[in-house]
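Asker: Below you'll find the structure I mean.
In my numbering, the protein residues as written are 35 to 523.
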């Protein structure tokens, strides 16, 4: 009910008065939030001069472009305190998990809500590592993609295809309540997705390098196996990755495993609310991550440092940032108003990797350090709370480890699969069961009548966003433009 007559604790509520009608509603506050549907009680009469499209009779809609202050779910998974710079998974501080846990254990924690005991841990790791293999026909399908395909395109294609390889796990074939009535089947898909994501990632890099696929090894750790599949020369190669680098990558995976309701996670839950299979939902989430404003941040940091070029050009670059002539990547965060807690951890990982592999020959590490030091001393950036975030150092680590820039988003996607699955599973078990369907505020044309083609006035198209214009056709000059007489030589 939107109107609350009896309030056990009146202080835990807000009272809203609609000045158009004088109507007042009292809305309970729970967990410092109020239900948006309460505003539907504030209906206004439809009178002359009012737009039909404003839908006055169905109450007020809450307009929040970009979801700046809208909570779409209740979650038990990840907590972020942006002001204090705190990040916890299921209550555990990220600092403790990064130091003492492993990625697979953290994945279990995110998905099932508690740390596994010794027996559960052994079974969990065994099952994930024995579901890393891809079928030959799926591998062939992916290898048919162009050698210069972006690795994220291959990653997305692979997951969108997986549902075709597991029809028994497809609610469109086996029933829409499949995952709410069969937890065993749900758990199997979770294990499959986690195991296969690393193999898909490695294969996307092998395709990019025009190298044959390397089968996974279940006797290695999760990140050791990933590095092995990327770097082994052949199945007979006795190569084993440096355990220190595997540990560094494992820590990075813990830091990237989940970060609450970000763009890709919201996409996972939104698409999953239709009851589609988890592989298709992961493909949608990965597509969101593919966008340069989300998964491309660490790549943007590297390109920024390359553009700066040398330590002595850092001051001029920062002046350009202040004058809005340059973009500063890797500083600040939409959620954190203080230091990103992950950045402190990742800085230690960076030093470990640099000590093993040496400094980047392009001098980017020195530029990054100079840029960080200068920004942290400059009142302009300090007052705006622009501190280095996790993306600032992760890109440098990946580049030092020899990963190409276009592979960075894949290294983000692989660990984030666990977070996506955790939120997908939670919404199945604790959500409303309804498909997500955001409202809109319509500000377009009112009703108008159709005009026949011959009766329409000619329009001069000046807006380049309007697509009605001739496009270049890349055909042989023998055919000429649009297939007509050849152009004069």
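Glycine residues also receive a C-beta, built at the ideal position from the N, C-alpha and C atoms.
1) Straight-line CA distance for residue 284 to residue 241?
2) Kindly indicate which three-state DSSP category residue 365 falls into: helix, strand or coil?
3) Which complete alpha helix (DSSP H) runs does the segment 301-361 hold, if anything under 4 residues is left out?
4) Measure the C-alpha to C-alpha separation of residue 321 and residue 236 and round it to an integer number of angstroms.
5) For residue 476, which of helix, strand or coil comes out of DSSP?
6) Unbroken alpha helix (DSSP H) runs of length 4 or more, entirely within the segment 151-225: which are they?
7) Note down, in chain order, each residue of its chain lying with its Cβ closer than 6 Å to the Cβ of residue 158, except the 5 sequence neighbours on either side.
8) Starting from residue 113, trace the beta strand (DSSP E) both ways and give me its first and last residue.
9) According to DSSP, what are the bridge partners of residue 61?
10) For residue 171, is the classification buried or exposed, using 16 other Cβ atoms within 10 angstroms of its Cβ as the cut-off for buried?
11) Measure the Cβ-Cβ separation of residue 117 and residue 371 and say whether it is below 9 Å.
12) Might you give, ordered along the chain, the residues of its own chain that have their beta carbon closer than 7 Å to the beta carbon of residue 84, omitting 5 neighbours on each side?
13) For the putative contact between residue 291 and residue 140, defined by C-beta atoms under 8 Å, what is the C-beta separation to the nearest angstrom?
14) Going by Cα to Cα distance, which pick from 110, 192, 441 is closest to residue 453?
15) Report the rounded CA-to-CA distance for residue 476 versus residue 86, giving the unit in angstroms.
16) State the DSSP-derived secondary structure class of residue 268, mapped to helix, strand or coil.
17) With DSSP collapsed to three states, give me the class of residue 496.
18) Please name the residue, chosen from 79, 108, 375, 81, that lies closest to residue 67 on a Cα-to-Cα basis.
19) The alpha helix (DSSP H) spanning residue 123 covers which residue range?
20) For residue 252, I'd like the list of residues in its chain whose CB is within less than 6 Å of its CB, leaving aside the five on either flank, ordered along the chain.
21) Can you tell me the Cα-Cα spacing of residue 95 and residue 318, whole angstroms?
22) Determine the extent of the alpha helix (DSSP H) in which residue 377 is found, giving its start and end residues.
23) At a cut of 8 Å, does the segment 335-347 reach the segment 199-216 through at least three beta carbon pairs?
24) Decide yes or no for the touch test of the segment 188-207 against the segment 221-233: beta carbon pairs closer than 8 Å, at least 3 of them.
25) Comparing alpha-carbon positions, which option in 51, 53, 70 lies nearest residue 473?
26) Distance check for residue 489 and residue 197, CA to CA, integer angstroms please.
27) In whole angstroms, what is the alpha-carbon distance linking residue 303 and residue 144?
28) Taking residue 334 as the reference, give the member of 356, 286, 360 with the closest Cα.
29) For residue 127, which of helix, strand or coil comes out of DSSP?
30) Straight-line CA distance for residue 112 to residue 79?
31) Can you tell me which of the three DSSP states residue 67 falls into?
32) In angstroms, rounded to a whole number, what distance separates the CA positions of residue 36 and residue 102?
33) Are residue 160 and residue 257 closer than 9 Å when you measure CB to CB?
34) Rounded to whole angstroms, what's the CA-CA distance from residue 229 to residue 448? Just pull it up for me.
35) Decide if residue 148 is buried, meaning its Cβ has at least 16 other Cβ atoms within 10 Å, or exposed.
36) Please report the straight-line C-alpha distance between residue 426 and residue 373, rounded to a whole angstrom.
Answerer: On the basis of the supplied data:
1) 23 Å
2) strand
3) 312-324, 331-342, 348-356
4) 18 Å
5) coil
6) 152-163, 170-177, 185-199, 205-208, 212-215
7) 142, 150
8) 112-115
9) 48
10) exposed
11) yes
12) 90
13) 5 Å
14) 110
15) 10 Å
16) coil
17) coil
18) 108
19) No alpha helix (DSSP H) contains residue 123, which is instead part of the beta strand (DSSP E) from 120-123.
20) 163, 164
21) 27 Å
22) 375-391
23) no
24) yes
25) 70
26) 50 Å
27) 15 Å
28) 360
29) strand
30) 43 Å
31) strand
32) Caution applies to residue 36, whose pLDDT of 47 falls short of 50 and renders its modelled position unreliable; the value that the coordinates give is listed next. Answer to the nearest angstrom: the Cα atoms are 23 Å apart.
33) no
34) 10 Å
35) exposed
36) 12 Å
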